[in-house]
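Sequential numbering from 0 applies to the sequence shown in numbering that gives the first Met the number 0.
Written out below as structure tokens is the structure these notes cover.
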Amino acid sequence: MGNLKEEINRRRTFAIISHPDAGKTTLTEKFLLYGGAINLAGSVKGKATARHAVSDWMEIEKQRGISVTSSVLQFEYDGFCINILDTPGHQDFSEDTYRTLMAADSAVMVIDASKGVEAQTRKLFKVCVMRKIPIFTFINKMDRDANDTFDLLDDIEKELGIATCPMNWPIGSGKSFKGVYDREKRCVITYSDTEKGTKEGEATEIPLSELDKLTGFVGENLKEKLLEEIELLDGASAEFDLEQVQAGELTPVFFGSALTNFGVEDFLQHFLQMTTTPLPRRADIGLIDPVEHDFSAFVFKIQANMNKAHRDRIAFMRICSGKFEADMDVKHVQSQRVMRLSQPQQIMANDRKILSEAYAGDIIGVFDPGIFSIGDTLCMPKEQFAYEGIPTFAPEHFARVRQVDTMKRKQFVKGITQIAQEGAIQIFQEFNTGMEEIIVGVVGVLQFDVLKFRLESEYNVEIRLEPLPYEHIRWIANKEEVDLTKLVGTSDMKKIKDMKGNPLLLFVNSWSVGMVLDRNKGLELSEFGKN
Ligand code: G4P
Numbered sequence: 000m001g002n003l004k005e006e007i008n009r010r011r012t013f014a015i016i017s018h019p020d021a022g023k024t025t026l027t028e029k030f031l032l033y034g035g036a037i038n039l040a041g042s043v044k045g046k047a048t049a050r051h052a053v054s055d056w057m058e059i060e061k062q063r064g065i066s067v068t069s070s071v072l073q074f075e076y077d078g079f080c081i082n083i084l085d086t087p088g089h090q091d092f093s094e095d096t097y098r099t100l101m102a103a104d105s106a107v108m109v110i111d112a113s114k115g116v117e118a119q120t121r122k123l124f125k126v127c128v129m130r131k132i133p134i135f136t137f138i139n140k141m142d143r144d145a146n147d148t149f150d151l152l153d154d155i156e157k158e159l160g161i162a163t164c165p166m167n168w169p170i171g172s173g174k175s176f177k178g179v180y181d182r183e184k185r186c187v188i189t190y191s192d193t194e195k196g197t198k199e200g201e202a203t204e205i206p207l208s209e210l211d212k213l214t215g216f217v218g219e220n221l222k223e224k225l226l227e228e229i230e231l232l233d234g235a236s237a238e239f240d241l242e243q244v245q246a247g248e249l250t251p252v253f254f255g256s257a258l259t260n261f262g263v264e265d266f267l268q269h270f271l272q273m274t275t276t277p278l279p280r281r282a283d284i285g286l287i288d289p290v291e292h293d294f295s296a297f298v299f300k301i302q303a304n305m306n307k308a309h310r311d312r313i314a315f316m317r318i319c320s321g322k323f324e325a326d327m328d329v330k331h332v333q334s335q336r337v338m339r340l341s342q343p344q345q346i347m348a349n350d351r352k353i354l355s356e357a358y359a360g361d362i363i364g365v366f367d368p369g370i371f372s373i374g375d376t377l378c379m380p381k382e383q384f385a386y387e388g389i390p391t392f393a394p395e396h397f398a399r400v401r402q403v404d405t406m407k408r409k410q411f412v413k414g415i416t417q418i419a420q421e422g423a424i425q426i427f428q429e430f431n432t433g434m435e436e437i438i439v440g441v442v443g444v445l446q447f448d449v450l451k452f453r454l455e456s457e458y459n460v461e462i463r464l465e466p467l468p469y470e471h472i473r474w475i476a477n478k479e480e481v482d483l484t485k486l487v488g489t490s491d492m493k494k495i496k497d498m499k500g501n502p503l504l505l506f507v508n509s510w511s512v513g514m515v516l517d518r519n520k521g522l523e524l525s526e527f528g529k530n
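Here you go:
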């Protein structure tokens, strides 16, 4: 038990969120560098070459040189065992990106100092807020010209509605970037170029009280500006409050430059102290404590066809409590089957390692014989409980699907249904008809290509996709109380239903959602679907 508790308590499982190009990969790389997991920064992914190498599981990834799947990285640092969940960006953004956040205990938000909060960060942030997990902010690229520091903080507060607490404060930016002022230590940490982070920077610390030395280093103007800003900051900014941080109400903010390796280790150290150990998770019998309870886990992602020759599926699960041992029997709650998990593995970038044990906080991938679904629970055979389901996130792109060869109806329905079960796409039907017309909804447009490719290569079915103009979907939260035939809509609204027959509404414009609510008193619409 002693060992179990220690093992679990030293785990930290978090996701990194950002808009593409803010520096997520670079920051992750530097974390790994400190952890000794890699020797030289640049070896995780050097865009063109390595991004390829990271996960060339799927044919489509190889063809396009992008990573469709998100990967998990585990490394050791200073006694901690760290699990980083990578959230894919760009056009490969998908519902999986959201689901990954369901498996994390906290999130690191990387923001480009010259851009502030960007679209993708905003979307991912919403999921963090829904889960009330702690969020830590790293404002990156201070070695480039940055926005005004107060404006950057204001932007986070206004755009995301979370209070900020700067832990350090930048002195200049771009060519005149001199370092940061550490508010806790009350000293200035100086910046020196580190040849793009390939060697350790020689940072020195100058206490704020040594004014002459400070002037000598940053110059009179920057020193005056810094002193003024510190005064303002000490008077105006939110006090640091760990409880608020852990409740996801306050985000500690750090400034640095991932590329030149400035402020990264300091951020990592603070972050590890402030973030939480694996958190208890809610199940239908109450909260499940990670240490007190025997092994349990839930499936948050299913990845199909990683190995084309075998057409296998891998289910990724987050261990929520206890210890997992490879040869033990576990129960899949949804099917009530007791089984051994087949070839449990840790999936690390391009490396897959067969595991003999893992602990609460860890992520494992197991071969799925076709029985797991997103949100499913695994526990010990003697136990019986289910974790809360993972919500269905709103797709933002829709298309009508038509098969080219109508004779292949059966394969088409089977293929599209299976792919939807894995959670890569969502499928809907016209409100008044059956499966003859299928509408597909996706979170990221690349999923359309994935669907077309997989139907062709795995099910031998060719399809045509006809894009639809809708961008907003709403579930009807109180469908029992609403008579849909009497619903007063707008001209850009479309009624559809999901495969279980639940009614949904599609809209071209977001303002139409409000109009329909106004026109139909008592109607309740929701942005998340319940599984
Ligand atoms: P992402 O994973 O969030 O998409 O971002 P990534 O780390 O790939 O960084 C995007 C670009 O920004 C990269 O340049 C990277 O080198 C650069 N970058 C990251 N952190 C910093 C920083 O602190 N300062 C500066 N100046 N640049 C930074 P690239 O030219 O697109 O790629 P590469 O050719 O350098 O790999």
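Glycine included, each C-beta is placed from N, C-alpha and C at the ideal position.
The model shown is predicted, which means the values in this text are computed figures rather than measured ones.
Counting only the same chain and skipping the five closest in sequence on each side, list residues whose C-beta sits under 6 Å from that of phenylalanine 176. Residue 176 sits at position 177 when you count from the first residue of the sequence shown. Exclusion of the five residues before and after phenylalanine 176 leaves Met141, Asp142, Tyr190 as the residues of its chain whose Cβ lies within less than 6 Å of its Cβ.
State the start and end residues of the unbroken beta strand (DSSP E) segment that holds tyrosine 469. As a first step, residue 469 is located in the sequence shown; it is residue number 470 there, counting from the start. Note, tyrosine 469: premise wrong, no beta strand (DSSP E); not H, not E.
Coarse secondary structure for leucine 377, derived from DSSP in three states: By 1-based counting over the sequence shown, the position of residue 377 is 378. Strand, per DSSP.
With DSSP as the reference, label glycine 321 as helix, strand or coil. Stepping through the sequence shown from its first residue, residue 321 is reached at position 322. Correct three-state label for glycine 321: coil.
Which residues in the same chain as arginine 399 place their Cβ atom closer than 7 Å to its Cβ, once the five residues preceding and following it in sequence are excluded? Taking the sequence shown and counting its residues from 1, the one referred to as residue 399 is at position 400. Here the set comprises Glu436, Ile438, Glu465, Leu467.
Where lysine 61 falls, given that 16 or more other Cβ within 10 Å makes a residue buried: On the sequence shown, position 62 is the one that residue 61 refers to. Note on lysine 61: pLDDT 46, under 50, position unreliable in the model; the coordinate value appears next. By the Cβ neighbour-count rule, lysine 61 is exposed, with fewer than 16 other Cβ atoms within 10 Å of its own.
7 Å CB neighbourhood of glutamine 446 in its chain, flanking five on each side removed: The residue labelled residue 446 in the question sits at position 447 within the sequence shown. Once the five neighbours on either side are set aside, the close Cβ partners of glutamine 446 are Ser93, Ala423, Ile424.
Straight-line gap, asparagine 477 to tyrosine 33 (C-alpha atoms, nearest Å): Residue mapping note: residue 477 aligns to position 478 of the sequence shown, counting from 1. Residue mapping note: residue 33 aligns to position 34 of the sequence shown, counting from 1. Going from the Cα of asparagine 477 to the Cα of tyrosine 33 covers about 51 Å.
If we count the other Cβ atoms within 10 Å of its Cβ and call it buried at 16 or more, is glutamate 264 buried or exposed? By 1-based counting over the sequence shown, the position of residue 264 is 265. When all chains shown are included, glutamate 264 counts as buried.
Residues near glutamate 470 by beta carbon distance below 6 Å, same chain, minus five either side: Numbered from its first residue, the sequence shown carries residue 470 at position 471. For glutamate 470, the CB contacts under 6 Å within the same chain, skipping 5 residues up- and downstream, are Glu395 in chain order.
Cα-Cα separation between valine 126 and leucine 377, rounded to whole angstroms: Along the sequence shown, read from residue 1 onward, the residue named residue 126 stands at position 127. Along the sequence shown, read from residue 1 onward, the residue named residue 377 stands at position 378. So the alpha carbons of these two residues sit roughly 24 Å apart.
For the structure I just gave you, are there three or more beta carbon pairs, one from the stretch 249 to 267 and one from the stretch 290 to 303, closer than 8 Å? Judged by Cβ distances under 8 Å, the stretch 249 to 267 makes no contact with the stretch 290 to 303, as fewer than three pairs qualify.
Within 10 angstroms of the Cβ of arginine 335, are there 16 or more other Cβ atoms? Answer buried if so, exposed if not. Reading the sequence shown from its first residue, position 336 is the one you call residue 335. The identity of residue 335 in the sequence shown is glutamine, whereas the question assumes arginine. Looking at its Cβ environment, which holds fewer than 16 other Cβ atoms inside 10 Å, glutamine 335 is exposed.
C-alpha distance - arginine 185 paired with glutamate 227, whole-angstrom precision: Along the sequence shown, read from residue 1 onward, the residue named residue 185 stands at position 186. Along the sequence shown, read from residue 1 onward, the residue named residue 227 stands at position 228. Cα-Cα distance, rounded: 14 Å.
Beta bridge counterpart(s) of alanine 282 as assigned by DSSP: The residue you call residue 282 lines up with position 283 of the sequence shown. For alanine 282, which the question treats as bridged, DSSP gives the partners Gly285, Tyr386.
Histidine 269: first and last residue of the uninterrupted alpha helix (DSSP H) it sits in: Position 270 of the sequence shown, counted from the first residue, corresponds to residue 269. Element bounds for histidine 269: 263 to 273.
Report the rounded CA-to-CA distance for alanine 40 versus leucine 26, giving the unit in angstroms. Counting from 1 along the sequence shown, the entry for residue 40 is found at position 41. Counting from 1 along the sequence shown, the entry for residue 26 is found at position 27. With a pLDDT of only 40 at alanine 40, under the threshold of 50, the placement of this residue in the model should not be trusted, and no figure is reported.
Can you have a look at glutamine 402 and say buried or exposed, based on whether 16 or more other CB atoms are within 10 angstroms of its CB? In the sequence shown, residue 402 corresponds to position 403, counting from 1. Buried, since its Cβ has 16 or more Cβ neighbours within 10 Å.
When burial is assigned at 16 or more other CB atoms within 10 Å of the CB, is threonine 416 buried or exposed? By one-based count along the sequence shown, residue 416 stands at place 417. Burial call: exposed.
Could you check which residue in Leu524, Tyr180, Thr274, Thr275 has the C-alpha nearest to that of leucine 232? As a working mapping, residue 232 is identified with position 233 in the sequence shown. Ranking Leu524, Tyr180, Thr274, Thr275 by Cα distance to leucine 232 puts Tyr180 first.
Could you check what DSSP says for asparagine 459 in three-state terms: helix, strand or coil? Residue 459 sits at position 460 when you count from the first residue of the sequence shown. Asparagine 459 carries a coil assignment under DSSP once its states are collapsed to helix, strand and coil.
Might you give, ordered along the chain, the residues of its own chain that have their beta carbon closer than 6 Å to the beta carbon of glutamate 6, omitting 5 neighbours on each side? Position 7 of the sequence shown holds residue 6. Setting aside the 5 residues that flank it on each side, glutamate 6 is surrounded in the same chain by Tyr358, each with a C-beta closer than 6 Å to its C-beta; the list follows chain order.
Below 8 Å on the Cβ atoms is my guess for phenylalanine 137 versus valine 107; work out the distance and round it to an integer in Å. Locating residue 137 in the sequence shown gives position 138, where the first residue counts as 1. Locating residue 107 in the sequence shown gives position 108, where the first residue counts as 1. With a Cβ gap of about 6 Å, phenylalanine 137 and valine 107 count as contacting.
Can you look up arginine 10 in the DSSP assignment and give me helix, strand or coil? For the purposes of this step, residue 10 is identified with residue 11 of the sequence shown, where counting begins at 1. In the structure shown, arginine 10 sits in a strand (DSSP, three-state: E or B).
For the stretch 363 to 383 against the stretch 497 to 516, are there 3 or more C-beta pairs whose distance is under 8 Å? Contact between the stretch 363 to 383 and the stretch 497 to 516 is absent, because fewer than three Cβ pairs lie under 8 Å.
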